[in-house]
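Numbering-wise (UniProt numbering), the sequence shown opens with residue 1 and increments by one. Using N, Cα and C, we set each Cβ at its ideal position, and we do this for glycine too.
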Amino acid sequence: MMSTYKRATLDEEDLVDSLSEGDAYPNGLQVNFRSPRSGHRCWAARTQVEKRLVVLVVLLVAGLVACLAALGIQIQTRTPPVCLSEACVSVTSSILNSMDPTVDPCQDFFSYACGGWIKANPVPDGHSRWGTFSNLWEHNQAIIKYLLENSTASSSEAERKAQVYYRACMNETRIEELRAKPLMELIEKLGGWNITSPWAKDNFQDTLQVVTAHYRTSPFFSVYVSADSKNSNSNVIQVDQSGLGLPSRDYYLNKTENEKVLSGYLNYMVQLGKLLGGGDEDAIRPQMQQILDFETALANITIPQEKRRDEELIYHKVTAAELQTLAPAINWLPFLNAIFHPVEINASEPIVVYDKDYLEQVSALINTTDRCLLNNYMIWNLVRKTSSFLDQRFQDADEKFMEVMYGTKKTCLPRWKFCVSDTENNLGFALGPMFVKATFAEDSKNIAYQNWVKKNGEEQTLPTLGLTNDQLFFLGFAQVWCSVRTPESSHEGLITDPHSPSRFRVIGSLSNSKEFSEHFHCPLGSPMNPHHKCEVW
Numbered sequence: 001m002m003s004t005y006k007r008a009t010l011d012e013e014d015l016v017d018s019l020s021e022g023d024a025y026p027n028g029l030q031v032n033f034r035s036p037r038s039g040h041r042c043w044a045a046r047t048q049v050e051k052r053l054v055v056l057v058v059l060l061v062a063g064l065v066a067c068l069a070a071l072g073i074q075i076q077t078r079t080p081p082v083c084l085s086e087a088c089v090s091v092t093s094s095i096l097n098s099m100d101p102t103v104d105p106c107q108d109f110f111s112y113a114c115g116g117w118i119k120a121n122p123v124p125d126g127h128s129r130w131g132t133f134s135n136l137w138e139h140n141q142a143i144i145k146y147l148l149e150n151s152t153a154s155s156s157e158a159e160r161k162a163q164v165y166y167r168a169c170m171n172e173t174r175i176e177e178l179r180a181k182p183l184m185e186l187i188e189k190l191g192g193w194n195i196t197s198p199w200a201k202d203n204f205q206d207t208l209q210v211v212t213a214h215y216r217t218s219p220f221f222s223v224y225v226s227a228d229s230k231n232s233n234s235n236v237i238q239v240d241q242s243g244l245g246l247p248s249r250d251y252y253l254n255k256t257e258n259e260k261v262l263s264g265y266l267n268y269m270v271q272l273g274k275l276l277g278g279g280d281e282d283a284i285r286p287q288m289q290q291i292l293d294f295e296t297a298l299a300n301i302t303i304p305q306e307k308r309r310d311e312e313l314i315y316h317k318v319t320a321a322e323l324q325t326l327a328p329a330i331n332w333l334p335f336l337n338a339i340f341h342p343v344e345i346n347a348s349e350p351i352v353v354y355d356k357d358y359l360e361q362v363s364a365l366i367n368t369t370d371r372c373l374l375n376n377y378m379i380w381n382l383v384r385k386t387s388s389f390l391d392q393r394f395q396d397a398d399e400k401f402m403e404v405m406y407g408t409k410k411t412c413l414p415r416w417k418f419c420v421s422d423t424e425n426n427l428g429f430a431l432g433p434m435f436v437k438a439t440f441a442e443d444s445k446n447i448a449y450q451n452w453v454k455k456n457g458e459e460q461t462l463p464t465l466g467l468t469n470d471q472l473f474f475l476g477f478a479q480v481w482c483s484v485r486t487p488e489s490s491h492e493g494l495i496t497d498p499h500s501p502s503r504f505r506v507i508g509s510l511s512n513s514k515e516f517s518e519h520f521h522c523p524l525g526s527p528m529n530p531h532h533k534c535e536v537w
């Protein structure tokens, strides 16, 4: 049977009329359109029970939708519960005490976050700076002290050596008995020092090897092993500039600005020379001035930090043989083998040199300097490195210089704190595992904040602060950097520290954060929400 075809139009009535009951479609498919009136006939055909069930279902669905909508609104507007546990109350107190609520956070967020802390925390005696990290270090020192004073059967050999080192440092009675004798004997073993007794030898290479390899001094340059910056899978010997007794070349070159520090440094040198048997100050001071002048000459040829930021410009990989040609004043193979014994270094050993110009110039300086002065300078490096381990007279001299250098006021620092810091400085790799085993849970590495939130839900808020968790995020970041420094320490930090001062680490980062301005509702153009922001990628 042929099907009937009618051209489709936009007139629905024509389409319906053309499909009469007698018209068939292929495969027996027939399509009929019901008139709207048929819906009423369908509802009328329902029983009373069916009608009631339909009405009930409609009402239930409407009620469910209303409940879900109300719940959604409640979730969006609900205030998170307040945490009143002991820990939360303690944290709230700490945050409140650190803040200065009289400061507008959109004007100066550092003062808003840290103003209270700064007022309550002047720099303690014996320190040149103090901050939140200092409090953490004080806490950690007490833990390390306990670990060093209590050995266990499971302690490694390195940990036991750290404990022996700490106990030797704590033996003040023996230290006071020996006075300067250990260092004076060491100086004699190295061939003497013209500061304390006549010197007329030519043992430059041997002395340089010993003071560098065995006593961790770095006259002229530093030598160490670290990951190759161009191939992090490989460790390589690296040579860099070093040799200054003061923290930066600027102290030597800007003499007018740093006259007080240079004078204090020279007096410190003279005092240590006298304590080591130098006798007449009139004989010591000119020689110490020569050492200071030599350090100034080194400062003149060192590369300033601002020119060392692009490692591509100062990175040079050479062989030990090429290093010998570059800086011939040093017998490099015997020197390197003494440092890295029992590892054998040969002429083809790769070595990374940071700034070849410096090594060339320091080699020329060594060749043109009197051997007696070179020896005085190398032994001075040793004296400076080790004098703090001697009796109280040397510690008093050190504290006097620290007051000039950093503005540190003399204090009666407990001996155990000095010894913990000294052990950590010299044997930190041994202390690290001890500290981790004692303070970190085995599953600590599996803890993640986002996973915690997914499992436990939204964090509770802290009482009385009136701040959202987002605002607390920024406040917590800022209060990490609450700190105070002496003027001398601030000056030293500006010269030597590549980081910004604490205040500007907070203001600089947050004033360029769009999210910070949104959560604290800072008006556009305010100090903490400038029109133009920096983007760092």
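The beta strand (DSSP E) enclosing residue i, as first and last residue numbers
i: D470; result: Here D470 belongs to no beta strand (DSSP E); instead the alpha helix (DSSP H) covers N469 to Q479.
i: G508; result: Premise fails: G508 lies in the alpha helix (DSSP H), S502 to L510, not in any beta strand (DSSP E).
i: S111; result: Looking at the DSSP string, S111 is not in any beta strand (DSSP E); the run it does join, the alpha helix (DSSP H), is F109 to A120.
i: V484; result: S483 to R485
Residue burial classification, residue i (beta-carbon count within 10 angstroms, cutoff 16)
i: A441; result: exposed
i: D23; result: For D23, the predicted structure reports a pLDDT of 40, less than 50, and the residue's modelled location is therefore unreliable. A value from the coordinates is still provided. Exposed is the call here.
i: C482; result: buried
i: E185; result: exposed
i: H532; result: exposed
i: M528; result: buried
i: G476; result: exposed
i: A113; result: buried
i: H341; result: exposed
i: N231; result: exposed
i: A227; result: exposed
i: D355; result: buried
i: Y146; result: exposed
i: C522; result: buried
i: R249; result: buried
i: F474; result: buried
i: Y215; result: exposed
i: V362; result: buried
i: residue 546; result: No answer is possible for residue 546: it lies beyond the span of the chain, which begins at 1 and ends at 537.
i: Q105; result: Before going on, a small fix: residue 105 reads as Pro here, not Gln. It is buried - the Cβ of P105 has at least 16 other Cβ atoms within 10 Å.
i: F110; result: buried
i: A478; result: buried
i: N375; result: buried
Pick from the options that is closest to residue i, judged by C-alpha positions
i: A329; options: I95, V61 and F220; result: F220
i: K201; options: Q209, V210 and G191; result: G191
i: Y377; options: P463, L298, Y251 and L524; result: L298
i: I284; options: K317, E295 and P198; result: P198
i: D125; options: Q471, Y224, P414 and L494; result: P414
i: H491; options: M99, W193 and S128; result: S128
i: A162; options: L60, C419 and V210; result: C419
i: T534; options: L510, L275 and N426; result: A small correction: the amino acid at residue 534 is Cys; Thr does not occupy that position in the sequence shown. When only C-alpha atoms are compared, the closest one is L510.
i: K260; options: L524, E403 and G432; result: E403
i: V239; options: A158, L323, C372 and I366; result: L323
Limits of the unbroken alpha helix (DSSP H) element including residue i
i: K514; result: K514 to F520
i: P286; result: E281 to I301
i: A338; result: W332 to F340
i: R415; result: R415 to T439
i: W130; result: Note, W130: premise wrong, no alpha helix (DSSP H); beta strand (DSSP E) at R129 to G131.
i: C372; result: R371 to T386
i: L208; result: F204 to A213
i: P182; result: K181 to K189
i: S348; result: Element bounds for S348: n/a, residue is neither H nor E.
i: Q271; result: E259 to G273
i: K400; result: Q392 to Y406
i: Q163; result: E157 to M170
i: S98; result: E86 to S98
Counterpart residues of residue i in DSSP-defined beta bridges
i: H316; result: V353
i: A227; result: N235
i: F221; result: Q241
i: N194; result: N194 pairs with nothing; no bridge assigned.
i: N529; result: S526
Residue i: CB within 6 Å of a non-hydrogen atom of the ligand MN
i: K307; result: Questions concerning the ligand MN fall outside what the structure shown contains, since it holds no ligand whatsoever.
Is it the case that the segment 498-515 contacts the segment 116-125, given that we only count it when at least three CB pairs across the two stretches are under 8 Å? no
The segment 129-137 contacting the segment 482-496, beta-carbon criterion three pairs below 8 Å: yes
Evaluate contact between the segment 338-350 and the segment 167-186, counting only Cβ atoms and requiring at least three cross-stretch pairs below 8 Å. Not touching, per the Cβ criterion.
Counting Cβ pairs, one atom from each stretch, are 3 or more of them under 8 Å apart for the segment 87-100 and the segment 365-383? no
Just checking, does the segment 516-526 make contact with the segment 148-163 on the three C-beta pairs under 8 Å criterion? Under the Cβ criterion (8 Å, minimum of three pairs), the segment 516-526 does not count as touching the segment 148-163.
Pair every Cβ in the segment 285-294 with every Cβ in the segment 254-273, then say whether three or more of these pairs are closer than 8 Å. Counting C-beta pairs closer than 8 Å gives three or more between the segment 285-294 and the segment 254-273, which meets the contact rule.
I want to know whether the segment 391-398 touches the segment 207-223 - three or more CB-CB distances under 8 Å. No contact exists between the segment 391-398 and the segment 207-223.
Touch check for the segment 329-338 and the segment 306-315: three-plus C-beta pairs under 8 Å? no
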